[in-house]
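For the sequence shown, my numbering begins at 1 and goes up steadily by one.
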Amino acid sequence: MKYKGFTLVEMVMTIVIIGIVALGMSGFIELGTKGYVDSVDRQRLQNQARFVIEKLTREFRHAVPNSFALSDNNHCISFYPIKYSGYYYQDEANDNIQFILDNQATSVSFANDEQITINPSRQADLTTAGTSSALGLVSESDGVYTLTDSFSGHSISGRHYIYTDKVTYCITNTDVITRKQGDDAAVYIGENLDRSNSSFSYEEASLQRGGVVHLDLLFINDDEQSSYKHNVQVLNVP
């Protein structure tokens, strides 16, 4: 009687072949998993970069014109966001300013820390008498506000801008970007920046266009890098 089965040699060869196949499959699975993880990390880094750039873009576009200033070797940029804007008339005979607000159906009560500026040419003008004024003692009648004050300059377009606290964005030594407004604590809005290869710059307004903020940001996560060069035009004019 003959018995069918595996010889020892056949069994060893089968085990070796199965081991080789399993090793190859595990390597393939590991490679696919690593590729997926890298793809997720890359997407996360790019999503964060897009969020930061979109937030900066929206705020810069609606800043008081000529209110930008750079510091810390161009790693910080500050500006004044617009709270209200509109048109004004300077009554020189009575030494006052009359103004209205854009898109405001109801009257507004101004806080003591809110200020108005007309035709600023630099950030310092927004904290200097003659080019800015506090709004604590404004009177209002039928949507027309009256401020007893005068300004040294005038806007060709007749525009005024009302604002409160200064906003500052900084790329810190810990490679994060922060936002600080007034006396509030700075808050993180993004991380994984390479400070040594990231910066802000500002090009002042000309007769042909408004001011332009240049963003040069490099985001890094392990070996993955995403470089963004983006220009933001300030939409408002003095």
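Where is the CB? At the ideal position from N, CA and C, for every residue including glycine.
- Inter-residue distance for Asp102 and Ala49 is about 33 Å (C-alpha atoms, whole angstroms).
- With a cut-off of 8 Å on Cβ pairs, the region 135–144 is not in contact with the region 49–63, counting fewer than three such pairs.
- Excluding residues up to 5 positions away in sequence, Asp165 lie with their Cβ nearer than 8 Å to the Cβ of Asp183 in the same chain.
- Sixteen is the threshold: when 16 or more other Cβ atoms of the shown chains lie within 10 Å of the Cβ of Asp125, as they do, the residue is buried.
- Looking at the backbone, the Cα of Asp216 and that of Asp194 are separated by about 10 Å.
- Asn236 places its beta carbon 9 Å or farther from that of Tyr163.
- Ranked by Cα distance from Asp222, the first of Thr7, Leu23, Val213 and Arg44 is Arg44.
- Within the model, the alpha-carbon separation for Phe68 versus Val232 is close to 12 Å.
- The beta carbon of Asp72 sits closer than 7 Å to the beta carbons of Cys170 from its chain, once the five residues preceding and following it are set aside; these are given in chain order.
- Gly86 carries a strand assignment under DSSP once its states are collapsed to helix, strand and coil.
- For Pro81, DSSP records a beta bridge to Ala63.
- The shortest CA-to-CA distance from Ile82 to any of Val64, Tyr88, Ile97 and Thr178 is the one to Val64.
- Checking the DSSP bridge columns, you'll see Ile97 partnered with Gln90 and Leu147.
- Taking all protein chains in view, the Cβ of Arg159 is crowded by 16 or more other Cβ atoms within 10 Å, so the residue is classified as buried.
- With respect to the C-alpha of Arg122, the residue from Ala111, Asp113 and Ser132 having the closest C-alpha is Ser132.
- Going by DSSP, Phe68 is part of no beta strand (DSSP E) at all; its letter is neither H nor E.
- Taking 9 Å as the cut-off, the Cβ atoms of Ile97 and Phe151 count as close.
- Distance from the CA atom of Ile118 to the CA atom of Ser199, rounded to whole angstroms, is 30 Å.
- In terms of Cβ geometry, Val213 and Ile53 do not form a close pair [threshold 9 Å].
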